[in-house]
Amino acid sequence: MPLPQLNVYRHGRRHRALITLAGEIDLESAPLVRAALARCLSDGFRAIDVDLTPVTFCDCSGLNAFLDAAQKTTEAGGTLRLHRPPPTLGPLFDLTGSGFLLLGVPFGKLTHPLGGVPAPAAQAPPRRTVPFASVLSGDAR
1 MPLPQLNVYR HGRRHRALIT LAGEIDLESA PLVRAALARC LSDGFRAIDV
51 DLTPVTFCDC SGLNAFLDAA QKTTEAGGTL RLHRPPPTLG PLFDLTGSGF
101 LLLGVPFGKL THPLGGVPAP AAQAPPRRTV PFASVLSGDA R
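Rendered as structure tokens:
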């Protein structure tokens with residue numbers, strides 16, 4: 001039985017990057033997430049939007065990768081925001097109280113389940129006008 005795969009797509013313009021993750025984020029694939037977000041910073045992007053619409057699962061190792069990347073992005077003078085997280089992240093945000101760090105909502109204001117809820121209009125990722133090219137992919141072994 002093959003292990004779940006995670007694909008990472010990046011589209012950048014000026015100092016802003018849109019990262020789309022597709023698949024499952026867990027202990028095996030979290031290093032790929034870390035590498036993709038670190039590459040954005042090293043390439044000069046300071047505003048990083050992460051579209052999680054195609055993510056089917058994300059556990060605490062994925063949350064940890066996002067929190068680490070958000071801290072590094074903030075230290076570099078930028079922002080990292082998650083958009084349309086999968087329902088599996090809702091309980092993790094509730095338990096850790098970290099949703100406000102990654103979603104751009106005030107602390108304690110997550111009052112609805114996250115699955116399928118569109119991001120507020122001001123924080124929606126830019127509309128895709130150029131086809132994405134896979135920049136990183138891998139299956140965790």
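So the sequence shown is numbered by full-length UniProt numbering: it starts at 1 and just counts up by one.
All residues carry an ideal CB built from backbone N, CA and C; glycine is no exception.
In this text, all values refer to a predicted model and were calculated from it rather than measured experimentally.
- Under the 10 Å beta carbon count, residue 13 is surrounded by fewer than 16 other beta carbons and is classified as exposed.
- Less than 9 Å separates the beta-carbon of residue 11 from that of residue 18.
- For a cut-off of 8 Å, the C-beta gap from residue 83 to residue 51 is around 5 Å, short enough to register as a contact.
- Residue ranges of uninterrupted alpha helix (DSSP H) with 4 or more members, entirely inside the UniProt domain "STAS" (18-97) and ordered along the chain, are 30-42, 60-75, 89-96.
- Distance from the CA atom of residue 68 to the CA atom of residue 74, rounded to whole angstroms, is 10 Å.
- DSSP, reduced to helix, strand and coil, places residue 104 outside both helices and strands of the structure shown, so it counts as coil.
- By the Cβ-count criterion, residue 91 is exposed, with fewer than 16 other Cβ atoms from all chains shown falling within 10 Å of its own Cβ.
- Here the C-alpha atom of residue 44 lies approximately 22 Å from the C-alpha atom of residue 7.
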